[in-house]
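Residue numbers (the numbering used here): -16 to 218.
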């Protein structure tokens, strides 16, 4: 019986190895599919947002900013808690709809510029270029960028503290600096997250999609704000 047992084990081993090898590919595929799907409610939300009156936010920018941050981080927690179920996917899509809506004020200001449409298209194109470049580097090289994890965590904490501080300070220079840092930080996060998926470090596509989506969202909004300040035509 012993030789037969060894034979069965040797027969199953290649299957198990192949299953492990295919896991990152499945996670990456599902992540990209869910990421593409998440852009649909974002677009719908943005169309709704540009037609809404956000006077209440302009009247109380500090309170509204803190409330929005509380809602967003609350949804982050709910998504991560339910990342292994369909509810996590539903919550993620709900978050992308909400984030699309709150892009409204920024898009309204941009569309109020003579070249606003061009700036929005340029920011979208720049975001897509950065994403595909960083994702391509991580996928093709398959290098281990795990060492960036701690630096990125610290960077996110520092930037969020700066965002909270600027809610009260309201400094245009600090705001522009934060946007520039966001561009660099989000680009690095995309590189790191795709690398984690490719190398098998990230096995949950909902969590991966949330990270990549927020990087893309912040990258787009930051690029648009920088372009508006530097090249916006108000005449």
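Note that beta-carbon positions come from the ideal geometry of N, C-alpha and C, so glycine has one too.
Taking 9 Å as the CB-CB limit, is residue i close to chain D?
i	result
residue 166	Within the model displayed, chain D is absent; a lone protein chain is all it includes.
For residue i and residue j, I'd like the C-alpha separation in whole angstroms.
i	j	result
residue 26	residue 93	16 Å
residue 14	residue 78	16 Å
residue 35	residue 134	38 Å
residue 109	residue 151	30 Å
residue 239	residue 85	For the chain, the structure presents residues -16 to 218; residue 239 sits outside this window and is missing.
residue 112	residue 118	10 Å
residue 63	residue 195	14 Å
residue 159	residue 10	35 Å
residue 189	residue 66	6 Å
residue -10	residue 7	Because residue -10 sits at a pLDDT of 43, beneath the cut-off of 50, its placement in the model cannot be relied upon, and the point is left open.
residue 213	residue 69	43 Å
residue 177	residue 198	12 Å
residue 80	residue 202	17 Å
residue 30	residue 217	23 Å
residue 147	residue 12	35 Å
residue 125	residue 205	28 Å
residue 16	residue 59	20 Å
residue 18	residue 89	22 Å
residue 97	residue 91	12 Å
residue 157	residue 149	7 Å
residue 95	residue 144	30 Å
residue 61	residue 99	35 Å
residue 164	residue 5	35 Å
residue 186	residue 73	19 Å
residue 210	residue 123	31 Å
Assuming residue i and residue j form a contact by the criterion Cβ under 8 Å, report the distance between their Cβ atoms to the nearest whole angstrom.
i	j	result
residue 121	residue 128	7 Å
residue 168	residue 132	That pair is no contact at about 13 Å.
residue 87	residue 37	6 Å
residue 155	residue 76	Residue 155 to residue 76, Cβ: 34 Å. No contact.
residue 142	residue 161	6 Å
residue 82	residue 200	6 Å
residue 192	residue 21	7 Å
>> Just to confirm the assignment: which complete beta strand (DSSP E) runs, minimum length 3, are found wholly within the region 107 to 140?
In response: none
> How do the region 159 to 174 and the region 182 to 190 stand: do at least 3 beta-carbon pairs fall below 8 Å, yes or no?
Replying inline: no
>> Contact between the region 99 to 108 and the region 38 to 57 is defined here as three or more beta-carbon pairs at a separation below 8 Å; is this criterion met?
In response: no
>> My parser needs the alpha helix (DSSP H) runs of 4 or more residues fully inside the region 20 to 102; what are they?
In response: 38 to 42, 44 to 64, 69 to 84 and 87 to 94
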